[in-house]
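These notes concern the structure reproduced below.
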Amino acid sequence: MAHEAAQERGKGAGWHQEAAVAAAALPALLVEASAIAHSVAPGWHGRRRAGSGETFWQYRRFAQGDLLTRIDWRRSARDDHLYIREQEWEAAHTVWLWPDRSPSMGFASDLASRSKDHDAIVMALALGEILVRGGERIAVPGLTRPAGGLTAPRRLAEEIARAITAGPAGPGSGKGGGRGGGIGARAEYALPPLHPLSAHSDYVLFSDFLQPLEALTASIQAIAALGLRCHLVQILDPVEETFPFAGRVEFLSPNGQTRLLAGRAEMLKERYVRRLQAHREALRDLARRIGGSFTLHHTDRPPHLSLLALHAILSAPRDAAPALARRSPAGDADTVPALELVGGSGAE
1 MAHEAAQERG
11 KGAGWHQEAA
21 VAAAALPALL
31 VEASAIAHSV
41 APGWHGRRRA
51 GSGETFWQYR
61 RFAQGDLLTR
71 IDWRRSARDD
81 HLYIREQEWE
91 AAHTVWLWPD
101 RSPSMGFASD
111 LASRSKDHDA
121 IVMALALGEI
131 LVRGGERIAV
141 PGLTRPAGGL
151 TAPRRLAEEI
161 ARAITAGPAG
171 PGSGKGGGRG
181 GGIGARAEYA
191 LPPLHPLSAH
201 SDYVLFSDFL
211 QPLEALTASI
221 QAIAALGLRC
231 HLVQILDPVE
241 ETFPFAGRVE
251 FLSPNGQTRL
261 LAGRAEMLKE
271 RYVRRLQAHR
281 EALRDLARRI
291 GGSFTLHHTD
301 RPPHLSLLAL
311 HAILSAPRDA
321 APALARRSPA
331 GDADTVPALE
341 LVGGSGAE
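Everything in the sequence shown is counted per this note's numbering, starting at 1 for the first residue and increasing by one.
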């Protein structure tokens with residue numbers, strides 16, 4: 001049988017119509033995100049910080065990217081570590097949010113009511129609202145500057161809508177070390193932007209992570225090398241997990257330029273599952289090695305379930321997050337590795 005979900009990408013209106021529809025949906029997505037935020041963390045007021053007042057000094061360990069002139073040698077002499085002295089306001093925490101808008105993110109099968117990029121934006125906005133209510137700052141790399149306050153999520157949504165409407169040449173379409181990493185990008189695939197970023201921040205990536213593994217790994221490692229903690233939130237359609245195809249099926253790449261006609265699609269399933277399990281295990285291992293986290297979300301599941309796990313990780317001390325990620329309390333974070341849909345790459 002021919003499954004319509006295999007052909008959903010590669011059809012539809014042109015860029016401008018797609019962008020207008022996506023941008024027009026942002027206000028509704030913001031309302032949805034706000035409802036999710038309140039269900040995940042009602043009344044949350046953020047992490048506790050020692051001290052009070054703008055002149056309070058606190059210390060953190062020296063990290064790659066810090067200036068040697070900022071080392072407090074008196075404090076560092078007390079033990080075997082180097083410490084940076086900074087004021088409380090200087091230590092305001094920033095979380096960078098990157099909802100991937102690669103063409104593959106627009107996919108939605110008949111097994112899910114929402115596309116992957118819908119959930120990516122909603123989850124980013126919902127997490128943003130949770131964070132600013134806790135006193136944190138949020139930003140989209142290459143699109144907005146770090147900002148706090150209860151109006152920050154709305155400003156974020158407005159800038160995302162502007163970038164989507166402007167298209168690949170507009171704001172937020174700058175290169176991310178790959179083939180276009182901005183929110184407005186609709187290149188073959190996008191990679192998370194590397195600049196401008198601030199060290200000692202968190203970077204949350206909402207993506208299906210169907211990009212080439214080598215390029216994706218290099219990009220994430222480059223971000224981690226800047227002193228940021230990376231959190232990978234893989235968003236997949238149920239079809240990408242189950243590969244429910246049989247009989248004669250034509251598969252299209254996300255941009256519609258590559259086609260694969262399978263006479264007996266069910267014969268591809270075993271190899272597909274095996275190869276793409278290995279792909280995600282590589283991502284999970286990467287997150288573990290760089291001290292980050294990995295969370296899985298399916299578009300047929302409520303977004304707040306996955307955000308519960310992510311919120312717990314972000315709320316934990318940096319050294320406790322990796323262990324917490326391995327025993328995520330909610331959502332799909334503990335399920336078996338997801339499957340990545342990459343056209344016909346599994347065929348001989």
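For glycine and all other residues, C-beta sits at the position ideal for the given N, C-alpha and C.
How is residue i classed by DSSP in three states: helix, strand or coil?
i              : result
valine 144     : Per the sequence shown, the amino acid found at residue 144 is threonine instead of valine. Three-state result, threonine 144: coil.
arginine 60    : strand
proline 99     : strand
alanine 262    : strand
isoleucine 290 : coil
tyrosine 272   : helix
alanine 362    : This structure cannot speak to residue 362, because the chain is shown only from 1 to 348.
alanine 108    : coil
threonine 299  : coil
arginine 85    : strand
threonine 151  : coil
arginine 280   : helix
alanine 77     : coil
arginine 133   : helix
alanine 309    : helix
alanine 190    : coil
alanine 35     : helix
alanine 157    : helix
alanine 163    : helix
arginine 120   : Going by the sequence as given, residue 120 is alanine instead of arginine. Here alanine 120 sits in helix by DSSP.
Look at the alpha carbon of residue i and the alpha carbon of residue j, and state the distance between them as a whole number of angstroms.
i                 : j              : result
phenylalanine 206 : serine 104     : 13 Å
isoleucine 71     : tyrosine 59    : 10 Å
glutamine 234     : methionine 123 : 12 Å
isoleucine 290    : leucine 307    : 21 Å
histidine 304     : threonine 295  : 12 Å
isoleucine 138    : leucine 82     : 28 Å
aspartate 300     : isoleucine 164 : 25 Å
valine 31         : leucine 156    : 13 Å
serine 253        : tyrosine 272   : 15 Å
arginine 61       : aspartate 202  : 16 Å
threonine 69      : leucine 226    : 18 Å
lysine 116        : arginine 78    : 50 Å
proline 302       : leucine 261    : 34 Å
alanine 316       : isoleucine 84  : 21 Å
histidine 200     : leucine 236    : 29 Å
histidine 195     : isoleucine 121 : 20 Å
glutamate 136     : valine 95      : 7 Å
alanine 35        : serine 198     : 29 Å
isoleucine 220    : arginine 284   : 12 Å
threonine 144     : valine 249     : 42 Å
alanine 37        : isoleucine 160 : 19 Å
Just checking my contact of residue i with residue j at CB under 8 Å: how many whole Å lie between their CB atoms?
i             : j             : result
glycine 247   : alanine 224   : Their Cβ separation, rounded to whole angstroms, is 44 Å, which puts glycine 247 and alanine 224 out of contact at 8 Å.
histidine 231 : leucine 310   : 6 Å
tryptophan 98 : proline 192   : 5 Å
alanine 190   : aspartate 100 : 6 Å
leucine 268   : threonine 217 : About 25 Å; that fails the 8 Å criterion.
Counting beta carbon pairs with one atom in the stretch 211 to 219 and one in the stretch 237 to 246, are three or more of them shorter than 8 Å? no
Length at least 4, wholly inside the stretch 192 to 260: the alpha helix (DSSP H) runs in chain order: Counting only runs of 4 or more, we get 213 to 225, 238 to 242.
Do the stretch 134 to 153 and the stretch 268 to 283 touch if we need at least three Cβ pairs shorter than 8 Å? no
Are the stretch 244 to 258 and the stretch 93 to 111 touching, with three or more C-beta to C-beta distances below 8 Å? yes
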